[in-house]
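In the UniProt record's numbering, the protein residues as written are 1 to 556. Below: the structure, in structure tokens.
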RNA sequence: GCGCCCGUAGCUCAGUGGAUAGAGUGACGGACUUCGAAUCCGGAGGUCGUAGGUUCAAAUCCUACCGGGCGCACCA
């Protein structure tokens, strides 16, 4: 039995009593139905279970009858202060406050690791996110993926997974030649030629290539732009892509997002990865020649149509190196492969799954999450962003305008697969409308109180956590005890939004407590207990923000 | 046409088959002689897109439909 928090310990103690009861009655197979949960409604206690409703039918007993037979057991569970049978057969527990208050000791013993669990069991996870094409500045939706991926990585790591964070760089193929084409044109422009009036349709028109052209010219003093031809585009493109990739790395770093690994498509191609994957698929009889092209029979694995791998002109489709890349992830020994993809890639999911399945890897170990679109708003007005038109809002500008902390908080607050509106007018507000400051303000207030305590010169007295009896203190204790559950849930469900929401409720509970409970001018023993309480709140708040990549300022 | 995501308070969004569906924000009414009012307290605000089905119990699962977004290439 491994309990990582007071709340979990209480939950397990209660569940154990019920499970033993079921076993005694000869219904061991019903044990999995026993769930003890934190109820949504405050009036329903600290923990509740509806197991009686679930098993009554199978046992041919009434829920109330079962609950009454268990009544004598609850006095033996130290975590339980009282219980209540409610409604059609719910069992609601009120937990013992002093018993739960020991969570404060637990936190102060190891504040930096409180909340850690081992639900990941040391499994190796490859988390791929952002993977923005190195053909232009990083856009806002990539920022969302960056925030989500980074926080998932941090929380999963805290939950016992071994996480590798990887950025896949599409630095090969047609788009790189196209980028090289754009660079060649901008170099001509530097020589005074008019390229705008004859700009080709598919070539990236964005201004950012102009800056790259200037750098390129500085590095190549003897360059004659007029002699550059189509055969030079790929090399120019590779050069430009690497520059842009570096700029991505810089922006991400400023955003607090750092990768363990940057995986180059070009190197994958150079090492023969694409052909190797086709050979492996062919060995398994999943490859077909037709109409002068080579196809992968992905329909045999649930895709809606077969996919071309080698075009009739002899080149690979984009899909092939990507397939090789994904197979490689499993070959590298990862237990779970998680992709955060942009919404423009979701037509892509089924063929990727097909490849994994065709090669005999466990298909459920590939998890693909679609991070949905971000609509930038200024109040009611939609801010347009389209890469094609060269008119878009780079992540860099968003961070500069709104700040890293609010931006990350906004991105993390919503479920990743939900399309979201990001209101710039709201994000730049430094006031109460902006939730990130609400959370940080709670921490800053605690810092301030602790500062004054240190400066007061008053002596500490022995700690008695049993003095924390106010409803507001109790609420804080229960929330602190739930923190490990929150992190565990974020990790297991890959659902970062639970963390900011938890921190909002922790901050709210603290602010409410602050209104009714004096700290520094309370009686010495009560003061000591309350100081321990708010120190624990600060520790959890700081840790939670840190997992979101957000600072906890000491003053605001 | 096919696939995926989303329809929940005026707005932005949570919600794990359970009890009276929540939070923030906006609007309204209150609270600073007191450790930070970037705060707190209060009421108001809902046919959970619609209609069926499964279940003791559905916002949640299933089916059909309606609305919005995105994707459906021998592009990347």
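Positions of the beta carbon are idealized from the N, C-alpha and C atoms, including for glycine. Values in this document were obtained by computation on a predicted structure and should not be read as measured data.
Best match in the options for proximity to residue i [C-alpha to C-alpha]
i, options, result
"residue 466", "401, 500, 453 and 533", "533"
"residue 382", "344, 369 and 422", "422"
"residue 13", "141, 49 and 41", "49"
"residue 464", "494, 452, 524 and 505", "524"
"residue 333", "124, 397, 100 and 43", "124"
"residue 156", "289, 370, 119 and 42", "119"
"residue 370", "344, 64 and 322", "344"
"residue 558", "507, 505, 9 and 257", "Limits of the chain in this structure are 1 at one end and 556 at the other, which puts residue 558 out of reach."
"residue 245", "454, 189, 346 and 171", "171"
"residue 221", "366, 190 and 453", "190"
"residue 542", "101, 504 and 28", "504"
"residue 122", "415, 85 and 335", "335"
"residue 521", "62, 489, 508 and 458", "458"
"residue 473", "66, 508 and 178", "508"
"residue 557", "329, 289, 261 and 231", "Nothing can be reported for residue 557: it is not among the residues displayed for the chain, which extend from 1 to 556."
"residue 242", "64, 134, 417 and 363", "134"
"residue 159", "236, 510, 175 and 489", "489"
Those residues which DSSP pairs with residue i across a bridge
i, result
"residue 92", "48 and 84"
"residue 164", "126"
"residue 339", "128 and 368"
"residue 376", "383 and 422"
"residue 293", "290"
"residue 262", "167"
"residue 119", "Answer by DSSP bridge pairing: none, since residue 119 is not bridged."
"residue 316", "310"
"residue 139", "394"
"residue 36", "49"
Beta-carbon gap between residue i and residue j smaller than 8 angstroms
i, j, result
"residue 412", "residue 138", "no"
"residue 484", "residue 5", "yes"
"residue 324", "residue 358", "no"
"residue 251", "residue 278", "no"
"residue 342", "residue 145", "yes"
"residue 89", "residue 52", "yes"
"residue 240", "residue 303", "no"
"residue 470", "residue 516", "yes"
"residue 338", "residue 468", "no"
"residue 161", "residue 495", "no"
"residue 439", "residue 545", "yes"
"residue 169", "residue 153", "no"
"residue 550", "residue 531", "no"
"residue 208", "residue 183", "no"
"residue 268", "residue 225", "no"
"residue 367", "residue 263", "no"
"residue 548", "residue 408", "yes"
"residue 393", "residue 376", "yes"
Buried/exposed call for residue i, threshold 16 Cβ in 10 Å
i, result
"residue 110", "exposed"
"residue 254", "exposed"
"residue 265", "buried"
"residue 248", "buried"
"residue 68", "exposed"
"residue 181", "buried"
"residue 91", "buried"
"residue 214", "exposed"
"residue 322", "buried"
"residue 151", "buried"
"residue 34", "buried"
"residue 452", "exposed"
"residue 288", "exposed"
"residue 186", "buried"
Sequence-distant residues of its chain with Cβ nearer than 6 angstroms to residue i (five each side left out)
i, result
"residue 390", "Per-residue confidence for residue 390 stands at a pLDDT of 42, beneath the threshold of 50, marking its modelled position as unreliable; no derived number is given."
"residue 558", "The question about residue 558 has no answer here: the residues shown for the chain are numbered 1 through 556."
"residue 502", "486"
"residue 379", "425"
"residue 16", "none"
7 angstroms CB neighbourhood of residue i in its chain, flanking five on each side removed
i, result
"residue 406", "427, 434 and 436"
"residue 1", "Annotation note: pLDDT 39 at residue 1 (below 50); position unreliable, coordinate value reported separately. Once the five neighbours on either side are set aside, the close Cβ partners of residue 1 are 12."
"residue 387", "Unreliable placement is indicated for residue 387, whose pLDDT of 43 sits below 50; the coordinate value is still reported in the next sentence. Hits under 7 angstroms: 136 and 139."
"residue 307", "295, 296, 298, 319 and 351"
"residue 553", "440 and 444"
"residue 286", "296, 297, 300 and 358"
"residue 461", "524, 525 and 528"
Cβ-based neighbour list, residue i, same chain, cut-off 8 angstroms, excluding 5 preceding and 5 following
i, result
"residue 514", "445"
"residue 327", "277, 280, 355, 356, 359 and 361"
"residue 31", "19, 22 and 23"
"residue 478", "7, 46, 95 and 100"
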